[in-house]
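Just so you know, the sequences run in chain order A and B. With the UniProt record's numbering, you'll find the first sequence wraps up at 340, consecutive numbering, no jumps. With the UniProt record's numbering, you'll find the second sequence wraps up at 340, consecutive numbering, no jumps. Below: one structure, written as structure tokens.
Number of protein chains: 2
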Amino acid sequence: MARKTSLKDIANKVGVSTSLVSYVLNNKDKENRVGKETADKIRKAAKELNYFPNLNARSLKTNISHTIGLIVADISNPFFSSLARTIEDEAYARNYTVIFGSSDENNDKFIKVLDFLSTRQVDGFIVASPEESRETVLGLKESNVPLVLIDRYFSDIVVNTVMVDNFKASFEATNHLLNKGHKRIGAIVYESTLLHYQDRCNGYLEAMKQAGIVDGTQFLAKVNHQSLQTEIQEAVQKLIFEDKVTAIYFSTNTIATEGLKQIKNVGKKIQEEIDVVAFDENLIFQFLDVHVPFVSQPIKKMGQEAVRILIDQIENKDQGIINVLLKATLETKEKLQKVN
Amino acid sequence: MARKTSLKDIANKVGVSTSLVSYVLNNKDKENRVGKETADKIRKAAKELNYFPNLNARSLKTNISHTIGLIVADISNPFFSSLARTIEDEAYARNYTVIFGSSDENNDKFIKVLDFLSTRQVDGFIVASPEESRETVLGLKESNVPLVLIDRYFSDIVVNTVMVDNFKASFEATNHLLNKGHKRIGAIVYESTLLHYQDRCNGYLEAMKQAGIVDGTQFLAKVNHQSLQTEIQEAVQKLIFEDKVTAIYFSTNTIATEGLKQIKNVGKKIQEEIDVVAFDENLIFQFLDVHVPFVSQPIKKMGQEAVRILIDQIENKDQGIINVLLKATLETKEKLQKVN
DNA sequence: TACTTTTGCTTAAACGTTAAAGCAAAATGG
DNA sequence: CCATTTTGCTTTAACGTTTAAGCAAAAGTA
């Protein structure tokens, strides 16, 4: 691979010092009293030699790499890849690139990715922190690297966050079912230490409690991330046949997918026999003969806010700790029809 | 953000020169005759000071950034995000990070992303080149940056590629329908200059031709990427009601999703009334009451091969131009049942 | 004319690394 | 015991930038 052209190459060609070239190409020629003619010659030569600055060198000198690190649970998960996309767009627009890594909900992998990216001198991190990562995030925060937590948070770590109001959305989703007259409403949630998942769980429980119908924990199934498929299979069967629920709330995308499959598998008609509501949009909803109400997350807004906060922090337009709490809205059939 | 510890900090602490520290931490202490005790002291100090090398500085010196650039059409598209994931895993395992960008099937954006990543001194590119990007890819190739094209190719540009045999897979998919006795088989493909899409189209046409039943072009609907939804709507209606096809081949993931929706919308039963086959797996297949045969792409293998070829090239284990053609297999109901 | 100011440039040092070259002291060999 | 080799380290320069400081010539002022 041929060596790229450097400031020095341009300087030699024009017959000036590299400093002048640097000033001109950074559009600081006016402040630094570079002659108009020389400036033009330099710009022309830069074009001719197809010059691109070496950002590593610049970063070494300026300590700003214009790169942000994005760590999510799994980039191939549609929620995170959509998030990644909006983060990419926003970052590019601000002249930043993004390096990414997946943690697989595993703190050790998370640490590995963090080290990997630190080594690349990223200017800051946008992080969806995995299970068991409290200490790691705390350490990260204490290292004073600009940091924004997205999607997940820790109640006792004061740091920038961009979150969705999971509790409220869950509460509303459950209420939707309650309002339709259901009393025996099941819920399937992740067995997880992650607070945002617990919020979803608590939103459901609170709605049930306020409705005063029954102790919600009775109809609550917690499933494990690893053995999702079999556990959801069991959960759906238990809820339907033992607990005789008439509706189920699925608290995540993946749970909804598997859960709906199971309802079909056990021979029940979705919505007619077992009413449902889900957290997160899902392509498959379009293929059910009925409309599944779902909690829609403002992914684009989340990504934009996260990048904005992070870059402001990096560039010292610092405004202290910022916590953005976005509203996730329940999309029902009625609501959609109103739009059309 | 507190300054990170550098080689110099360690050198000062131990009381030696930075060179020694560099040798030791790069495990070149033996070759460079560093005393055992000093080496131990250096390693200890590095631990204590929580040293991480500055890869920008190293890269500046060595001209190797251990970063690869990944450019796809859209990272939020499930095919590409899955690909990104396997590329990430493979790259990390080889001590490389990946920076990504989406081209949106647009050559100008593609060029912008390329420049952006070049500037970051990536060691090489894995690229799913967008529409109208022949000249750009040619230029990239001529710049001698290590490069692997993935998913898409140009017949007249000799460069590393990792492809799937689209023609053959399409041919087999169409034959599957022919073997079931269908004669009037429609196909919906992208109107595109991208050869891999054309290959899919040609695979269909060739199968139809060999079957000698009818001129396939008659049942071929080309749809535009931009106005997908409406065009597929029209295409499906035309194929079913005017051309009286009894089966349809969907040549991409997105086309299949929209196409299947339309079949339902016009009141036809999938498979019973209109038989189908699709290119690429799709979550929604699980939600149809019938099994949709589909062409399964070896995404993991694609990512692994691309990274392997690229890094070998970067590290000069150069083996000339490599073209990998992977087989995409038709997954039918019968086949799946054999596995279980 | 003799000064100050402005203009247009160069020099030099630094960022954190790597690695070739150099150099003294200790160890070895005959 | 002197010459050679080995050992253990340092010095130096370089990668491509940025930027403060410096300096001579031209222009302005009085």
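Virtual Cβ for every residue (Gly too), placed ideally from N, Cα, C.
Reducing DSSP to helix, strand and coil, say where residue 249 of chain B ends up.
Secondary structure at residue 249 of chain B: strand, using DSSP grouped into helix, strand and coil.
Is residue 275 of chain A buried or exposed, if buried means 16 or more other CB atoms sit within 10 Å of its CB?
It is buried - the Cβ of residue 275 of chain A has at least 16 other Cβ atoms within 10 Å.
Name, please, each residue of chain A whose Cβ falls closer than 9 angstroms to the Cβ of residue 177 of chain B.
What residue 177 of chain B touches in chain A: nothing, since even the nearest Cβ is about 21 angstroms away.
Mind checking whether residue 331 of chain B and residue 294 of chain B have CB atoms under 8 angstroms apart?
Taking 8 angstroms as the cut-off, the Cβ atoms of residue 331 of chain B and residue 294 of chain B count as close.
Let's see if you can read the secondary structure: which residues bound the beta strand (DSSP E) around residue 189 of chain B?
Where residue 189 of chain B is concerned, the enclosing beta strand (DSSP E) stretches over 185-190.
Members of the stretch 82-103 of chain B that neighbour chain A once the beta carbon cut-off is set at 9 angstroms
Result list: 82, 83, 84, 85, 86, 88, 89, 92, 95, 97, 98, 99, 100, 101, 102.
For residue 136 of chain B, which residues in the same chain have their Cβ closer than 8 angstroms to its Cβ, ignoring the five residues on either side in sequence?
Within the same chain, residue 136 of chain B has close Cβ partners 107, 110, 111, 114, 129.
Could you tell me if residue 122 of chain B is buried or exposed, where buried requires 16 or more neighbouring beta carbons within 10 angstroms of its beta carbon?
With 16 or more Cβ atoms within 10 Å of its Cβ, residue 122 of chain B is classed as buried.
Hey, does residue 192 of chain B have any beta-carbon neighbour from chain A nearer than 8 angstroms?
For residue 192 of chain B, the closest Cβ of chain A is not nearer than 8 angstroms.
Close-in-space but distant-in-sequence residues of the same chain around residue 234 of chain B (CB under 6 angstroms, 5 per side omitted)
Residues of the same chain with a CB within less than 6 angstroms of the CB of residue 234 of chain B, apart from the 5 flanking positions on each side, do not exist.
Identify, in the order they occur along the chain, each residue of the same chain with its Cβ nearer than 7 angstroms to the Cβ of residue 91 of chain A, setting aside the five sequence neighbours on each side.
Same-chain partners within the cutoff: 68, 97, 98, 307.
Please return the same chain residues whose Cβ sits closer than 7 angstroms to the Cβ of residue 245 of chain B, not counting the five positions on each side in sequence.
So the list reads 184, 185, 186, 219, 239, once near-sequence residues are dropped.
Return the CA-CA distance between residue 340 of chain A and residue 256 of chain A, expressed in angstroms with no decimal places.
A caution first: residue 340 of chain A carries a pLDDT of 49, below 50, which makes its placement in the model unreliable, though a value can still be read off. Whole-angstrom Cα-Cα distance: 26 angstroms.
Comparing alpha-carbon positions, which option in B:116, B:176, B:73 lies nearest residue 132 of chain B?
Selected option, being the one with the closest Cα: B:73.
Taking the beta strand (DSSP E) that residue 405 of chain A belongs to, which residues open and close that run?
In the structure as shown, chain A begins at 1 and stops at 340. Residue 405 of chain A is therefore absent and cannot be evaluated.
Return yes when the Cβ of residue 21 of chain B is within less than 8 angstroms of the Cβ of residue 403 of chain B, no when it is not.
Nothing about residue 403 of chain B can be reported from this structure: the residues present for chain B run from 1 to 340 only.
Starting from the C-beta of residue 158 of chain A, find all residues in its chain whose C-beta is less than 7 angstroms away, skip the five residues before and the five after it, and write them out in chain order.
If you ignore the 5 residues before and after residue 158 of chain A, its C-beta comes within less than 7 angstroms of the C-beta of 321, all in its own chain and listed in chain order.
Quick one: grab the DSSP three-state call for residue 294 of chain B.
Strand.
Can you tell me which residues form a DSSP beta bridge with residue 163 of chain A?
BP columns for residue 163 of chain A point to A:325.
Using three-state DSSP, classify residue 99 of chain A as helix, strand or coil.
Residue state, collapsed to three classes: strand.
Would you report the Cα separation of residue 324 of chain B and residue 317 of chain A, rounded to the nearest angstrom?
Approximately 49 angstroms, taken between the alpha carbons.
Give the DSSP-derived three-state secondary structure of residue 216 of chain A in the structure shown.
In the structure shown, residue 216 of chain A sits in a helix (DSSP, three-state: H, G or I).
Residue 103 of chain B to residue 285 of chain A span [Cα, whole Å]
In this model, residue 103 of chain B and residue 285 of chain A are separated by some 29 angstroms (Cα to Cα).
Segment contact, 8 angstroms Cβ cut-off, at least three pairs: the stretch 206-216 of chain B with the stretch 170-185 of chain B
A contact exists between the stretch 206-216 of chain B and the stretch 170-185 of chain B.
With DSSP run on the structure shown, which of helix, strand or coil describes residue 340 of chain A?
Residue placement at residue 340 of chain A is poorly supported in this model, since its pLDDT is 49, which falls under 50; the coordinates are not used for a value here.
Mark residue 37 of chain A as exposed unless 16 or more other C-beta atoms lie within 10 angstroms of its C-beta, in which case mark it buried.
Note on residue 37 of chain A: under 16 other CB atoms within 10 angstroms of its CB, so exposed under the neighbour-count rule.
Taking only beta carbons into account, state which residues of the stretch 71-82 of chain B come closer than 9 angstroms to chain A, listed in chain order.
Listed in chain order, the positions of the stretch 71-82 of chain B with a beta carbon within less than 9 angstroms of a beta carbon of chain A are 74, 75, 76, 77, 78, 80, 81, 82.
Run through DSSP, which three-state label would residue 156 of chain A get?
If DSSP states are grouped into helix, strand and coil, residue 156 of chain A belongs with coil.
Tell me whether the beta-carbon of residue 116 of chain A lies closer than 8 angstroms to the beta-carbon of residue 147 of chain A.
8 angstroms or more divides the Cβ of residue 116 of chain A from the Cβ of residue 147 of chain A.
Is the shortest distance between the beta-carbon of residue 43 of chain A and the beta-carbons of chain B less than 8 angstroms?
No, because no Cβ of chain B sits closer than 8 angstroms to the Cβ of residue 43 of chain A.
Opening and closing residue of the alpha helix (DSSP H) in which residue 136 of chain A lies
First-last of the alpha helix (DSSP H) with residue 136 of chain A: 134-142.
From B:84, B:64, B:65, pick the residue whose C-alpha is nearest to that of residue 71 of chain B; which is it?
Comparing C-alpha distances from residue 71 of chain B to each of B:84, B:64, B:65 shows the shortest one belongs to B:84.
Using a Cβ cut-off of 8 angstroms, pull out every chain A residue sitting near residue 54 of chain B, in sequence order please.
Within 8 angstroms Cβ-Cβ: 60, 119, 121.
Determine the contact status of residue 297 of chain B and residue 127 of chain B, defining contact as a CB-CB distance below 8 angstroms.
With contacts defined by Cβ atoms closer than 8 angstroms, residue 297 of chain B and residue 127 of chain B do not form a contacting pair.
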